[in-house]
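Shown next, in structure tokens, is the structure this report addresses.
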Amino acid sequence: MVYFNINIMTNIKTIIGRCLALAQFNKISTKRPSDLVSVDFDHTGVNCVRMRRTGEGVAILAADVLPPVEIGKDASQTTEKRSSFHLPKDLVARYVSICIPTDEAVVKLLNLPGQLEGDIDACIQEQFGIVQEDYRVGYRIINEGHGRSETNLLAVAIPNAQAEAACDMFPAGVPAPVSVELACLAVMTAFLHAADKTDSDEAVGIIEFGARHTFFCIFYKKELVLIRKFDLGTYVFLDAIQRELGVDRETAQHIISDRSFDISQIIRDVSAPFVKQLVISRHFVERRENCRVTRVFAPSGISQGWLNEIKSAIGLDVDFWNPFDGLSMSPDVYPKEFEGQQSRFSAAVGAGLGVMEAIAP
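Residue 7 is where the sequence shown starts when you use my numbering, and the numbers rise one by one after that.
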């Protein structure tokens, strides 16, 4: 299976205090890490999952949500935040895989003519319209073309400063960073791992709903055929509720969670452009790939009102999925206060699985 974790750490030339450790891990180690913690610096909280490889597969040892820490491009800001960030003892492992938000990132599925030749990074930078010195580029080939056929690759660019700031959260000792990637792509890895438990070759969509952005992807025969990023997230809905009802942020959050007000019209107005593009994307893929999208998967924490809008527009079932499916986990490991919110750990789970699968046994 081809996972979609794109580790942009492999190109980092200097990371304060960590170069030797990374070189040893990436070039000398011949086996997968047996103990790893994945840390997803989401805007709403730091989602952490500790994983261990066993003879039967991957086991979840601990999971928790820590107070939010913003990983920005400002080095001084990160230094201040770093001093207050500590992993609880049960989450400390030898290595850490890091997920960062997509705010400053560029993510595209590129279709390039023929076989890949020359400087691929430079080609991606030209396609993205970015300055080489400012961004770190990574890619994963989906299909390599021959002759007149196209090469399809998933490409990512994130600011250099943001990548280094993320690693700087773990300046010494354990855990040592082994990967830095975008949370949205780590979610896709977790989804593919869960979907791999079935042999379905159908076309399915997946919605990754974040605080500031939403991604919509379509897989056909478990191969990525579409990925789109939208400026729509939890914060957009909260802003609209505050504006329309004249309430503060905390009250807006309660209104969404306990449904104390009818906010269906607000949700409909805010989500209308996204839902329209969702339908367009589905029809585009169905025509191009000569297939039919049969299901769409969404995170379990999605607003019921928004879920109804999506169902009504696309005319398909919208299913929930669990990133912990197929992984060993004792009943007392998952924090009870986040019951029903398993999807918030999707990026952390996917990042860990990607690292474990990427290194040969």
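Where a beta carbon is used, it is the ideal one built from N, C-alpha and C, also for glycine.
Going by beta carbons, A172 and V184 fall outside the 8 Å limit. Beta-bridge analysis with DSSP links S185 to S103. Bridge partners of N158 according to DSSP: N117 and N149. From the listed residues Q310, R234 and S103, the smallest Cα separation to S263 is found for Q310. CA-CA distance, F225 to V210, rounds to 5 Å. In the structure shown, N166 falls within a helical segment according to DSSP collapsed to helix, strand and coil. When C-alpha distances from Y340 are compared across D46, A69 and G51, the shortest belongs to A69. Cβ-Cβ distances below 6 Å link D207 to K227 in the same chain, with the five nearest sequence neighbours on each side left out; the list follows chain order.
Annotation: I148 to V231 spans about 9 Å, alpha carbon to alpha carbon. For T50, the secondary structure class from DSSP, reduced to helix, strand or coil, is coil. Cβ-Cβ distances below 8 Å link S334 to T60, E62, G63, V64, A65 and I66 in the same chain, with the five nearest sequence neighbours on each side left out; the list follows chain order. The beta-bridge partner set that DSSP reports for A304 consists of F326. Between W327 and F303, the C-beta gap is smaller than 8 Å, which places the two residues in contact. Taking every protein chain shown into account, the CB of P181 has 16 or more other CB atoms within 10 angstroms, so this residue is buried.
Counted as a single uninterrupted DSSP element, the stretch harbouring E343 is not any beta strand (DSSP E), since DSSP gives it neither H nor E. The DSSP-derived three-state label of L238 is coil.
Excluding five sequence positions before and after F267, the CB atoms of its chain that fall closer than 6 Å to its own CB belong to I261, given in chain order. Excluding residues up to 5 positions away in sequence, V43, C54, R56 and A68 lie with their Cβ nearer than 6 Å to the Cβ of L97 in the same chain. DSSP places C129 in the helix class (H, G or I) of the three-state scheme. Secondary structure of D109 (DSSP, three-state): coil. For G211, the enclosing beta strand (DSSP E) starts and ends at A209 to F215. Counting along the chain, D70 sits inside the beta strand (DSSP E) bounded by residues G63 to L72. Within the model, the alpha-carbon separation for H92 versus D48 is close to 16 Å. Annotation for D140: P165 and N166 place their beta carbon closer than 7 Å to its own, counting only its chain and skipping 5 residues before and after. In the structure shown, L251 adopts helical secondary structure according to DSSP, grouped into three states.
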